[in-house]
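Take a look at the structure set out below.
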């Protein structure tokens, strides 16, 4: 895919015409801020999380919100665990979103707590707060569980506090459909099974 790019204040800004996606990678010492704005498919978060996991890159914190039927605005603070921080500037973002999520990259995850409730946000969604032992791939592990029930974020807020990941999701089914009571029961059972003994 052909992209155009320019550099400002040590940041790399890109425009990907074929995907109507703008993104920037802004170095911040040992981390970088990855910013996304534009068209992304429903499974984009899984594609990003699994690609970063396979490259041993951790998501420290972040947020994303669906701003229209196809468009998103997102930013993630990312940190390489083995490579030098400068390597983040060459992250091939377009290829990440041209690849389906590789959920085989997800590690086993252990939850400390979770909470589910019906929310009025986004025209009716399922809110999920999920807390667990942080590790590379924690997010892709959560997204894998949600995808089993065809639930995808329309908004998410990710935070790492010490060794604990505390993530918030507002979920809907494909097609902007509100989750059913059966969906809620299924994800409740799935998350309960991940609680640490």
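Residue numbers (full-length UniProt numbering): 1 to 197.
Ideal placement from N, C-alpha and C gives every residue a C-beta, glycine not left out.
Predicted, not measured: the structure shown is a model, and the values here were computed from it.
In this structure residue 168 does not touch residue 121 by the C-beta definition: roughly 11 angstroms separates them, more than the 8 angstroms allowed. Distance from the CA of residue 106 to the CA of residue 51, rounded to the nearest whole angstrom, comes to 10 angstroms. Across the set 103, 92, 75 and 56, the C-alpha of 56 shows the shortest separation from the C-alpha of residue 82. Here the alpha carbon of residue 147 sits roughly 32 angstroms from the alpha carbon of residue 30. When 28, 153 and 110 are compared, the shortest CA-CA separation from residue 135 is found for 110. By the beta-carbon neighbour count (other beta carbons within 10 angstroms, threshold 16), residue 74 is buried. Within the segment 110 to 192, the runs of beta strand (DSSP E) that reach at least 3 residues and sit entirely inside it are, in chain order, 111 to 119, 125 to 133, 151 to 161 and 164 to 173. Rounded to whole angstroms, residue 39 and residue 90 show a C-alpha spacing of 21 angstroms. Distances from the CA of residue 154 to each of 182, 69, 77 and 140 were compared; the closest alpha carbon is that of 69. DSSP places residue 82 outside both helix and strand once states are collapsed to three, so it counts as coil. The shortest C-alpha to C-alpha distance from residue 46 to any of 116, 190, 178 and 150 is the one to 150.
Within the segment 39 to 103, the complete alpha helix (DSSP H) segments at least 4 residues long are 44 to 54 and 93 to 97, listed from N- to C-terminus. The secondary-structure analysis by DSSP pairs residue 37 across a beta bridge with 22 and 73.
The beta carbons of residue 171 and residue 152 sit closer together than 9 angstroms. DSSP lists no bridge partner for residue 107. Residue 126 has its alpha-carbon roughly 11 angstroms from the corresponding atom of residue 177.
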